[in-house]
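Read through the structure below, which is laid out as structure tokens, and then see the notes.
There are 2 protein chains.
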Amino acid sequence: MTTRIIAKDMKRRLLLVSNSTLHGGGYLEHCQQQIKDFFGKGVARILFIPYALCDRDGYAKTARDKFNSLGYEVDSIHEASDPVEAVRKAEGIFIGGGNTFRLLKCLYDNNVLSEINKRVLQDGVPYMGSSAGTNVSTVSINTTNDMPIVYPPSFNAIGLVPFNINPHFLDTDPNSRHMGETREQRIIQYHEEPDTTSVLGLREGSMLLVEGNKATLLGTCKARLFTRGKPTTEFESGSDLSFLLTDRQ
Amino acid sequence: MTTRIIAKDMKRRLLLVSNSTLHGGGYLEHCQQQIKDFFGKGVARILFIPYALCDRDGYAKTARDKFNSLGYEVDSIHEASDPVEAVRKAEGIFIGGGNTFRLLKCLYDNNVLSEINKRVLQDGVPYMGSSAGTNVSTVSINTTNDMPIVYPPSFNAIGLVPFNINPHFLDTDPNSRHMGETREQRIIQYHEEPDTTSVLGLREGSMLLVEGNKATLLGTCKARLFTRGKPTTEFESGSDLSFLLTDRQ
């Protein structure tokens, strides 16, 4: 993990989406304009990483159909004979949602984690993540909502930003009779542990655009920031969140 | 892990509770009659394990107050100079809820996991778990609902029963607009993986009593059983679930 880059003034370009599908809409429909703006006309082919779901063929078809409709060709990494080489040649990367533990384990198993880090931070290859794909782009998967169905060799993730994200962030329902921890309580428990980072709670419909050292909140709703030892803060869509990139938060 | 016992005809006595607090009630109030029936008059002192919460002193006080009111003395393992020795001397064990990852890591860090297994399965020391304390009594924590705030050395748990439990089991809300996976979808994802066990979804208010090779569902609601490759099944309170104990399910 020590070989990964946490440099400043990097070329990174990231589109980190909270959720793949918004209630009542189609797959990636709610963020399709942002996807086109993000990959633009400079990228012709996108490398899709379907590791978070069991049915990789079906998942690749779903992603391919959507991206084709937006004008992009899709190569799925599970169809490549050499996954590391596929990352080395990628013009753009998209990691889709599903189970974050399965996804991270599979990134390690295929030795592509460091390579993705390098391609995005050194070479400026644009990276889009959705849900679990957003989780693994951060420091660690310590703030995923997913069930730990497999045991990855570490919770450390690709590290494209120096903080963590909680996708599908869910506000506490004051009428709930369920006594499991609320999402907010879970994130507060994370901050009880030493050496933990800030956590950006991205509600469904929101996403974070990162260009170099600039971060902007996009989408239809506010995001909630949890920083250890400080009050939680709400940010409107359009907010400049670049301060999250300056140091490990 | 290989030293742990998966023997039959064992003395084990377990009370595995879904949740510590039921909506509108006090701590362990909804299961206090079952606790008294379970520990009975043969046990005077109970060893409490507060590792799932950060504030161990506060947690021990909560547990002590409750168990004192039921006629039991409480020793908290975090107050013992030698945690392994505390398990060796325990007449009864209670592991409380909180974060399952923190709890399991701490059981490993203090080398008490195998010792608890031995005391319960070989020596017949009664074991009560609630929520996270129920999760860690099973084969693994693969079906916890908790956030992975720390990285335990394994997801393998104490192994007092040959299946997994999902505490705080929550039915799918047909009116929800949230697009994160439902609990049922998460457990189905677990069963997509190889070498996975049956999962008993214990709704809040329900609990499982295990006496030797007999398992009985107690409490106020039904439980839902997920077995790989089979339809899910509902069981009424009072059901005999001993078949879950015969083999690794």
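Residue numbers (my numbering), protein chains in the order written: chain X, 36 to 284; chain W, 36 to 284. All C-beta atoms, glycine included, are put in the ideal place defined by N, C-alpha and C.
Contact set between residue i and chain X, taken where Cβ atoms lie within less than 7 Å
i      : result
W:Pro8 : Not covered by the structure: residue 8 of chain W. The range shown for chain W is 36 to 284.
Separation of residue j from residue i, as counted between CA atoms
i        : j        : result
X:Leu148 : X:Tyr162 : 13 Å
W:His226 : W:Arg263 : 6 Å
X:Ala192 : X:Leu253 : 23 Å
W:Ser165 : W:Leu57  : 12 Å
W:Thr285 : W:Gly133 : Given that chain W is displayed from residue 36 to residue 284, the structure contains no residue 285 of chain W and the question cannot be resolved.
W:Ala115 : X:Leu142 : 42 Å
W:Gly247 : W:Leu280 : 9 Å
X:Lys101 : W:Leu237 : 39 Å
X:His65  : X:Asp230 : 35 Å
X:Arg123 : X:Leu205 : 36 Å
W:Glu271 : X:Arg80  : 54 Å
W:Arg99  : W:Lys71  : 14 Å
X:Thr255 : W:Asn210 : 21 Å
W:Val52  : W:Gly240 : 8 Å
W:Thr37  : W:Gly194 : Annotation note: pLDDT 38 at W:Thr37 (below 50); position unreliable, coordinate value reported separately. Between W:Thr37 and W:Gly194, the C-alpha separation is close to 11 Å.
W:Gly273 : W:Gln67  : 17 Å
W:Asn103 : W:Gly127 : 14 Å
X:Ile200 : W:Leu105 : 43 Å
X:Asn180 : W:Ala250 : 31 Å
X:Ala258 : X:Ser55  : 17 Å
W:Thr207 : X:Ile184 : 19 Å
X:Thr78  : X:Arg91  : One detail in the question is off: residue 78 of chain X reads as Val in this sequence, not Thr. Computed Cα separation, rounded: 23 Å.
Chain-ordered neighbours of residue i on chain W, where CB pairs are closer than 9 Å
i        : result
X:Gly131 : Here the premise fails: no neighbours, minimum Cβ distance about 14 Å.
Closer than 8 Å at the beta carbon, the chain X residues around residue i
i        : result
W:Glu219 : What W:Glu219 touches in chain X: nothing, since even the nearest Cβ is about 11 Å away.
Coil, strand or helix - residue i by DSSP
i        : result
W:Ala258 : strand
X:Ile130 : strand
W:Ala42  : Model confidence at W:Ala42 stands at a pLDDT of 49, short of 50, so the residue's coordinates are unreliable and nothing is read from them.
X:Asp181 : coil
X:Gln284 : Because the pLDDT at X:Gln284 is just 49, under 50, the model does not fix this residue reliably, and the value given afterwards should be weighed accordingly. In this structure, X:Gln284 counts as coil in the three-state DSSP scheme.
X:Met36  : With a pLDDT of only 39 at X:Met36, under 50, the local geometry of the prediction cannot be trusted, and no value is derived from it.
X:Pro85  : coil
X:Phe102 : helix
W:Arg238 : strand
W:Phe309 : Any question about residue 309 of chain W goes unanswered here, given that chain W covers just 36 to 284.
X:Ala121 : helix
X:Ala79  : coil
X:Ala192 : coil
W:Asp72  : helix
X:Val155 : helix
X:Gly60  : coil
X:Gly164 : strand
X:Arg48  : strand
W:Asn170 : helix
W:Ile176 : coil
Contacts around residue i, its chain only, beta-carbon distance under 8 Å, and the 5 residues preceding and following it disregarded
i        : result
X:Glu216 : Gln224
X:Phe73  : Arg48, Leu50, Pro161, Met163, Leu244
X:Ala95  : Phe83, Pro85, Val109, Ser111, His113, Glu114
Per-residue contacts from residue i into chain X (C-beta, under 9 Å)
i        : result
W:Tyr107 : Correct list: empty, because the minimum Cβ distance to chain X is about 23 Å.
Cβ shell of residue i (< 6 Å), same chain only, five flanking positions each side left out
i        : result
X:Ile176 : Thr135, Leu139, Asn170, Phe190, Ala192
X:Lys46  : Gly159
X:Leu260 : Leu235, Thr268
W:Val155 : Arg47, Tyr162, Leu195
W:Tyr107 : Ile81
Cβ neighbours of residue i in the same chain (closer than 7 Å, five flanking residues each side left out)
i        : result
W:Pro187 : Phe136, Leu139, Lys140, Tyr143
X:Gln284 : Model confidence at X:Gln284 stands at a pLDDT of 49, short of 50, so the residue's coordinates are unreliable and nothing is read from them.
X:Asn145 : Pro118
W:Glu150 : Val119, Val122, Arg123
W:His213 : none
Heavy atom of the ligand GTP within 7 Å of residue i beta-carbon
i       : result
W:Arg80 : Ligands displayed in this structure: none; no statement on the ligand GTP is therefore possible.
Short CB-CB distance (under 8 Å) between residue i and chain A
i        : result
X:Ser149 : Reference to chain A is not applicable here, since the protein chains of this structure are X and W.
At a CB distance below 9 Å, what residues from the region 55-81 of chain W approach chain X? Give them in sequence order. Ser55, Thr56, Leu57, His58, Gly59
According to a CB-to-CB cut-off of less than 7 Å, which residues of the region 83-101 of chain W neighbour chain X? Cys89
Please name the residues in the region 189-215 of chain X whose beta-carbon is closer than 9 Å to at least one beta-carbon of chain W, in chain order. Ser189, Phe190, Asn191, Asn201, Pro202, His203, Leu205, Ser211, Arg212, His213, Met214, Gly215
Contact list for the region 152-172 of chain X against chain W, Cβ threshold 9 Å: Ser166
Determine which residues of the region 227-238 of chain W have a Cβ less than 7 Å from any Cβ of chain X, and write them out in chain order. Residues are counted here when their Cβ sits less than 7 Å from a Cβ of chain X; for the region 227-238 of chain W these are Glu227, Glu228, given in chain order.
Taking any Cβ of chain X, which residues in the region 134-152 of chain W have a Cβ under 7 Å from it, in chain order? Asn134
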